[in-house]
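Novice: Here UniProt numbering is used: position 176 in the sequence shown is 176, and no number is missing along the way.
Using N, Cα and C, we set each Cβ at its ideal position, and we do this for glycine too.
What you are looking at is a predicted structure, and each value in this text was computed from that prediction instead of being measured.
Below you'll find the structure I mean.
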Amino acid sequence: MMMKVYYYHMVPIKSYYEDWKAGKIPGHLLYGLTHLSQYGVECIYHTFPFNPYLHKWKLMFYNLRKILSCSQSYDAVYAVTHTGLELLIFMRALGLFRKPIVIWHHTAVVVPESPIRRWGSALFYKGIDKMFFFSEALLSESLKTKKLKKENAFVVHWGGDLVFYDRLIAKRQTSSHFVSTGRENRDFITLIRAFSQLTESCDIYTTRFGGRVSDYELLVQKEIGVLKENIHFHIVDSTHLEMAEKTNNAFVVLICCLNFPYTVGLTSLVEALAFGLPILSTDNPTFPFDVEKEQVGIKIAYGDVNGWVEAIQYLSSHPEKAKRLGENARRLAERTYNLERCTKEIALALLTV
């Protein structure tokens, strides 16, 4: 007997699922949807006739109506984010919605400053039955708030779709370029300042907007001006596949981030592991593992231009070391951070909710 969950994500689920089947996107972007049936969990879901990122209240009421009026029976709600499910979660907290709710929590749980918001927040978390976190750091920080029970909160090893990446690795043409493809809250200024002191080639591919940064191109023009010929800064509107192809041919993957209290850069990190590529990364304390302890790369302090210069020069002059870091990265992906293991952990939590 299959368990049935109402699956929720803000991306266009149907087209993502079709793209995954066609080999155009990696399955881990759907957080288990592609593989849950192998573990006895069937998913149903709805799509949006509007942009869910632009209409918060409309999204909340739309989701509430869709989930409450669903003609199919289901056992639980499994959500990649709580954004847009706030009304449903409050209903669950008040005993007005009977199904358990399981969500991914992308940041640490916090205690708001105002007493009213604190009360609302405490009630809100009562409406969530189980919570997944990306790392121990986020989980332990959240437990300090006393808003969640230890037995209902889990670190899930979110990791890459190795089958997707293996198809690309088979066509790899390694270059000597250092490549960055991240977009959210990236610190390109520090990265560009580092490469401005070097001759190594740096390729940055990003979108115009990313997290709190409203226009990367404008920012780079303002802060840096004319780029040296070894630095290639591209504002792109590329597909996941096109970006993955760029990363696939890199010598080293660059993850240079701004200081935000969540796992900024995690998607790039798990992709680098799956590709078996060495990593130079900002030392984000919320990451699920330490890149240096796992011997998959070198970490650099936030905003440390000299730290980046030294790390780039080191890998550039020690290609054998870079190769070993890459091999370790792939082993870590195969052992721990992969879609199969991630889905299995999600399924286990869902089946026991």
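Is Ala250 near Leu277, with beta carbons less than 7 Å apart?
Specialist: Their beta carbons are under 7 Å apart, which means Ala250 touches Leu277 by this criterion.
Novice: For the putative contact between Leu227 and Ile189, defined by C-beta atoms under 8 Å, what is the C-beta separation to the nearest angstrom?
Specialist: 12 Å between Cβ atoms; not a contact.
Novice: Assuming Cys256 and Ser180 form a contact by the criterion Cβ under 8 Å, report the distance between their Cβ atoms to the nearest whole angstrom.
Specialist: Indeed they touch by this definition, with Cβ atoms about 7 Å apart.
Novice: Round the Cβ separation of Ser142 and Ala108 to the nearest angstrom and send it over; I've been treating them as touching at under 8 Å.
Specialist: So it is a contact: roughly 5 Å between Cβ atoms.
Novice: If you follow the beta strand (DSSP E) that Leu254 is in, where does it begin and where does it stop?
Specialist: Per DSSP, Leu254 belongs to the beta strand (DSSP E) from Val252 to Ile255.
Novice: For the alpha helix (DSSP H) that contains Glu200, what are its first and last residues?
Specialist: That residue, Glu200, is in no alpha helix (DSSP H); it is neither H nor E in DSSP.
Novice: Consider the Cβ of Glu245: report whether some Cβ of chain C lies at a distance smaller than 7 Å.
Specialist: Going by chain labels, chain C is absent from the structure shown, which holds only one protein chain.
Novice: I need the DSSP call for Gly160, collapsed to helix, strand or coil.
Specialist: Strand.
Novice: Alpha carbons only, please: which of Glu42, Phe164 and Gln173 is nearest the one belonging to Lys21?
Specialist: Across the set Glu42, Phe164 and Gln173, the C-alpha of Phe164 shows the shortest separation from the C-alpha of Lys21.
Novice: Determine the DSSP secondary structure at Cys342, reduced to helix, strand or coil.
Specialist: When secondary structure is reduced to three states using DSSP, Cys342 falls in the helix class.
Novice: Do Tyr16 and Val77 come within 7 Å of each other at the CB atom, strictly closer than that value?
Specialist: no
Novice: Taking Lys4 and Ser73 to be in contact with their CB atoms under 8 Å, please state how far apart those CB atoms are, rounded to whole angstroms.
Specialist: 7 Å
Novice: Reducing DSSP to helix, strand and coil, say where Gly84 ends up.
Specialist: coil
Novice: Would the region 338-353 and the region 31-47 be scored as touching if the rule is three or more Cβ pairs under 8 Å?
Specialist: yes
Novice: Report the start-end ranges of each beta strand (DSSP E) in the region 109-176 that is 3 residues or longer and not cut off at the edges.
Specialist: 130-133 and 153-155
Novice: Can you tell which of Thr145, Val253, Lys144 and Ile300 has the C-alpha that lies nearest to the C-alpha of Ile279?
Specialist: Val253
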